[in-house]
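In our numbering, the protein residues as written are -13 to 329.
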């Protein structure tokens, strides 16, 4: 067995492993996504485990970022795109990866990974993270009785929310009126907002402009600055597809003002024929979640599986319900936009 870092030279071998798999590997089968996420910037890399014959038997993606928890700056690695093409192969990559980072973050998307993590005492499950949905239809299943199949589309239409009207819901913040401005790039002099959140991403403009490149061909990223009383107090990034919008990233110095800025940014892109377009976001911060629910977002009844582990001297922070975690940590945001088009 041999571990290598993915380069374009391994694309044919990765494609061959995916073609033989009896499960879906939706993002790694998209060349544009793989090139952007794993070949363009050192923040993010894809490890491959090769068999003695040179075939790809497992993959493990990792995005290395800085996060802020109070006065502590944490070096964090976020796992994504972990797959075993042979039984147990990804476990080898996972144990090797643990030796390369101080703190790990994982959003296990399948039962096999959750069971693997549950057997390891270092991983701590963090409660409270929810995905919130706006205008996501009630799915109609073949086994539904006729009345339910007829009723679900009617209920979906009757309960949909005009996101273009969110401006009327956003009241003045404690410091003044909240507004947003469309931006072409994240500015190099982006302020460092230190207050308001117990844990959040603390990367600068170089990382953000790579991660949310507005010139990508598989997603349209929309960048917004948030202003209160003439002062820049936050930033919002939306990922836009014809069928949905994902709140990919946001940051600011006040949770209430930032939640208002997120709603105003959504209103900017969901106008006219798109005013009832689906929207997804994640929230662990209690006050921000309440603001989104008041606007019509429905929380998923099941919490999003979210784990952290310490592999060095830094301890895992304790959550007080005041963290800021966006949907595009790892691969969740891209998965919703590119794969889960909804019923």
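From the three backbone atoms N, C-alpha and C, an ideal C-beta is built for every residue, glycine too.
Within the same chain, Cβ atoms closer than 8 Å to the Cβ of residue 253 are found at 149, 150, 151, 152, 153, the five residues on either side in sequence being excluded.
Scanning 256, 231, 272 for the CA closest to the CA of residue 242 turns up 272. Sequence-distant Cβ neighbours of residue 179 in its own chain, meaning closer than 8 Å and more than five residues away, are 219, 220, 237, 238, 239. By the Cβ rule, the segment 191 to 202 does not count as touching the segment 226 to 233, because fewer than three pairs are nearer than 8 Å.
The continuous beta strand (DSSP E) containing residue 213 extends over residues 206 to 214. Residue environment for residue 182: buried (at least 16 other C-beta atoms within 10 angstroms of its C-beta). The segment 31 to 42 and the segment 305 to 316 do not touch, with fewer than three beta-carbon pairs separated by less than 8 Å.
For residue 107, no beta strand (DSSP E) run applies, since DSSP gives it neither H nor E. Proximity of the segment 272 to 283 to the segment 65 to 83 falls short of the contact definition, fewer than three beta-carbon pairs being nearer than 8 Å. Pairwise C-beta distances place the segment 90 to 101 in contact with the segment 278 to 297, as three or more of them are shorter than 8 Å. Across the set 255, 227, 185, 290, the C-alpha of 227 shows the shortest separation from the C-alpha of residue 320. With fewer than 16 other beta carbons inside 10 angstroms of its own, residue -6 counts as exposed.
Sequence-distant Cβ neighbours of residue 20 in its own chain, meaning closer than 7 Å and more than five residues away, are 14.
If you keep only unbroken beta strand (DSSP E) runs of at least 3 residues inside the segment 279 to 318, you get 293 to 296. Leaving aside the five residues that flank residue 66 on each side, the residues in its chain whose CB is nearer than 6 Å to its CB run, in chain order, 47, 316, 317. In the displayed model, residue 163 falls within coil according to three-state DSSP, outside both helix and strand. The Cβ-Cβ distance between residue 36 and residue 45 does not fall below 8 Å. Bounds of the alpha helix (DSSP H) holding residue 6 are -3 to 6. Among the bridge pairs identified by DSSP, residue 53 is matched with 60, 187. With respect to the 8 Å criterion, residue 185 and residue 53 are classified as neighbours on the basis of their beta carbons. Cβ-Cβ separation between residue 51 and residue 169: approximately 21 Å, too far for a contact (criterion under 8 Å).
For residue 209, the CB contacts under 6 Å within the same chain, skipping 5 residues up- and downstream, are 169, 223 in chain order. Residue 44 sits in a strand when the DSSP states are folded into three classes. Counted as a single uninterrupted DSSP element, the beta strand (DSSP E) harbouring residue 33 occupies residues 30 to 36. The criterion of a C-beta distance shorter than 8 Å is satisfied by residue 147 and residue 120. Between residue 100 and residue -11 a beta carbon distance of about 24 Å is seen, past the 8 Å cut, so the two are scored as non-contacting. With fewer than 16 neighbouring CB atoms inside 10 Å of its own CB, residue 74 falls in the exposed class. By the Cβ-count criterion, residue 256 is buried, with 16 or more other Cβ atoms from all chains shown falling within 10 Å of its own Cβ. With fewer than 16 other Cβ atoms inside 10 Å of its own Cβ, residue 61 counts as exposed.
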